[in-house]
Amino acid sequence: MIYFASDVHLGSGDPAAARTVERRFLAWLDFAARDAEAIFLVGDIFDFWFEYPDKAPSGFESTLNKLTELTDRGIRVVFFTGNHDMWTGKCLADECGLEIHTEPQVMELHGKRLFIAHGDNMQIDDQLKLRLLNRMFRSRKLRWLVTKLFPYDSLIRLGRRWSGHSRKSHTKEIDVEMTRPLITYARNYAATHADCPVAHFVFGHMHVARDYHEEGLHTVHLGSWDKTPTYAVLDDAGNLTLNRFDE
Ligand SMILES: [Mn+2]
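So the number in our numbering is just where the residue sits in the sequence shown, counting from 1, plus 304.
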């Protein structure tokens, strides 16, 4: 079995809320690990993650220990960066053993082709501001400069404030229609890659759980974890389903 989750946003909200979500996520990792060959974390697992060359954010020790335990046991854990946690470094990759991807990937899993992406940098060709932000956030030079200009603690403080603000401005109007640009993206992708068809598209980012089917297209949108945790599972026959996690 292969499991998928996104948008856990660990560390967001007040400490009690953050602890509840982390406890839930740890319970889900244990649940998935019972029969998982692989666990895909499809972006925004952390509400704000920024690694300096020699320093990683504190407060996520339970999660990091659990992820390390899983990779030590031989479970493949694949981490797609989201717009809140794209600044990964050796802590997640080397110490926890995660396989990191910063771009959408097409992978063959259980005999099916899957297109997997967080979903934050897609269908934005006509949105100049988002395109600029996307380039800025992904710039290696700028990241290097930030680590020189800002002491670690002040960057983390700033980042957490930005994350909270960004999330609030997004959660106001959550509705299922927000998945439409990603469905359009998938439809276009399918039309231009008819020679090697994708069986399932997996996206996060919109914080709406949706299992969408139309003729020749299947997209799964992983929801956020603040209220109703959802995850997807790919069974050995290559069927992908969206589920709700009840502890
Ligand atoms: Mn998110």
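The beta carbon of each residue, even a glycine, is placed where N, CA and C say it ideally should be. As the structure is a computational prediction, the values presented were derived from the model and not from experiment.
Within the segment 403-465, the complete beta strand (DSSP E) segments of 3 residues or longer fall at 403-405, 409-413, 416-421, listed in chain order. What you get when you keep residues with a C-beta closer than 5 Å to any heavy atom of ligand 1 is D311, D348. V524 places its beta carbon less than 8 Å from that of V506. The C-alpha of D550 is placed about 18 Å away from the C-alpha of M305. Distances from the alpha-carbon of F352 to those of R377, F344, T372, W391 put W391 closest.
By the Cβ rule, the segment 533-544 counts as touching the segment 408-426, because three or more pairs are nearer than 8 Å. Here DSSP, grouped into helix, strand and coil, assigns V506 to strand. In the structure shown, I487 adopts helical secondary structure according to DSSP, grouped into three states. Boundaries around F335 are those of the alpha helix (DSSP H), 319-337, since no beta strand (DSSP E) includes it.
Taking one beta carbon from each stretch, the segment 329-339 and the segment 361-371 have 3 or more pairs nearer than 8 Å; the two touch. Closest by C-alpha distance to A421, out of M510, E341, D398, is M510. Bounds of any beta strand (DSSP E) do not take in L526, whose DSSP letter is neither H nor E.
In the DSSP assignment, T545 falls within the unbroken beta strand (DSSP E) covering 544-548. In the three-state DSSP reduction, T534 falls in the strand class (E or B). A Cβ-Cβ separation of about 14 Å leaves G423 out of contact with L345 under the 8 Å criterion.
For D398, the secondary structure class from DSSP, reduced to helix, strand or coil, is helix.
L314 is bridged by DSSP to F350.
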